[in-house]
Structures are given as C-alpha cells and as structure tokens.
Amino acid sequence: KAGVTQTPRYLIKTRGQQVTLSCSPISGHRSVSWYQQTPGQGLQFLFEYFSETQRNKGNFPGRFSGRQFSNSRSEMNVSTLELGDSALYLCASSSWTGEHEQYFGPGTRLTVT
Amino acid sequence: ILNVEQSPQSLHVQEGDSTNFTCSFPSSNFYALHWYRWETAKSPKALFVMTLNGDEKKKGRISATLNTKEGYSYLYIKGSQPEDSATYLCAFIPNAGKSTFGDGTTLTVKP
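Chains as they are written, first to last, in the numbering used here: chain A, 290 to 402; chain B, 3 to 113.
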C-alpha cells in the first residue's frame, strides 16, 4: 500500500498570504488528522476529519481551516499568514479513530517571511 | 487543556545500556495511549497502541506498559543500539476527544 502523501513538501510564503496544503491518506483510511510542529514544541493537534466531517479541533485561531473530500483526501488552509505559522505540518491517517495507530506523512515545511 | 508529560526530555546512553522513559497523562476519560518513534528527517511511526489497563506490549527489544488508573505508561528499550536513537512520543487519546502528544524523549545512543 502506498503511504500517506503530502504536497507540497516545502513552501515559502510571505506574511498576509494564504496557503493550502494537501494530504492523501492510505487507501481505505477514513480518518485524517493534522498537526503542527514548531521548534521547541511538540506536535500540536489542529483538527481531525472522519468521513468528510470534522470530529475534533485543536486550539488554533480561525485562520486555520480544513476539509475532507469524499475520497478521504484532506486539505488544510491557513489564511493571512503570520511569521509564527512557520512550521512543519504533518498529516496522519488511520482506518478509524483513537484506538487505531496513525500513519504519518512526510510533512510540509512552511516558511513564512 | 490536557496535560501529557514525558520524562526525561533527553537521554544519552551507551550502546548496550537499557533505558526507560515515562509518559504521564490524565487518569480520567481514557480511551487509548499511543507510542511513536520519530527519527530525524523521517515521519513518526507507531510503536504501540495501548488500550487496556495493565497492557504490556513488546516489539523486539522495545516494550511498553500501561497504568490507566494512575495515568502513566513506561517505554523500555533493552540493550540500546545506535539505530534506536530517535525521539519517542506518546499520545493520549480520551473518549471522543482529540489526540494530545507529549513533547517527547530524545534518545541518543553512543556506539
């Protein structure tokens, strides 16, 4: 089975712009979660989608949004980028939620200048 | 905000040493506890999924235990090897809630 893929892998944006990141889960997985990792911080949960519905949301401002399509692919959007949004964004998929292990993608490294 | 703490933050051991780390999490509303291994320049990979109090899981030289009543899990590595060098993350999943990761324990094994 192909693993979780994320595009793009690297991205440079300027403050005020918006960005869309994409995640394709493992075939058959219906749950996709997004995480942010900044230097010195652990993985911070952004949101989780299951069958196109957002099940959980982390403590991030409304500038961070996401969605999931019927084929389980997910996108994450950040509007009005700030310098502090520079981070590694990871998505993870699982066949179910909670009990089942998550499979992580390689991440998208976003740099905001 | 759920508090998931891992200790120690970092650990340096010699090849052949055995070591263990701790993950502390809320003792209420428990659903699952995951352990992940994150090597530099790679993605986190699941080691164990633990759901029952008293669970003990083993994979090669690595094992983990779970105590949901007191809210802790231990990860043990027997006879550490340089290839075990990585950051080990635990994630607490409450009932109907979101995953909360600890900040990780970074293990460096010197040959």
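Don't be surprised by glycine CBs; every beta carbon is placed ideally from N, CA and C.
9 Å Cβ cut-off: residues of chain A touching Thr42(B): Within 9 Å Cβ-Cβ: nothing; Thr42(B) doesn't reach chain A, min ~12 Å.
Out of Gly106(B), Tyr76(B) and Leu109(B), which has the shortest C-alpha to C-alpha gap to Asn55(B)? Tyr76(B)
State the DSSP-derived secondary structure class of Gly373(A), mapped to helix, strand or coil. helix
Nearest chain B C-beta to Phe349(A) closer than 8 Å, yes or no? no
Buried or exposed, going by whether 16 or more other CB atoms sit within 10 Å of the CB of Thr296(A)? exposed
Taking only three categories from DSSP, how would you classify Pro395(A)? coil
Can you find a CB in chain A that lies within less than 8 Å of the CB of Ser29(B)? no
Neighbour-count burial assignment, Ala98(B), 16 or more Cβ in a 10 Å radius: exposed
Residues of the segment 318 to 333 of chain A with a CB closer than 7 Å to any CB of chain B: list them in chain order, please. Ser322, Gly331 and Leu332
Leaving aside the five residues before and after Ile64(B) along the sequence, list all residues of the same chain whose C-beta is less than 6 Å from its C-beta, in chain order. Ile79
For Ala66(B), count the other beta carbons within 10 Å of its own beta carbon; 16 or more makes it buried, fewer makes it exposed. Which is it? buried
Per-residue DSSP class, three states only, for Glu85(B): helix
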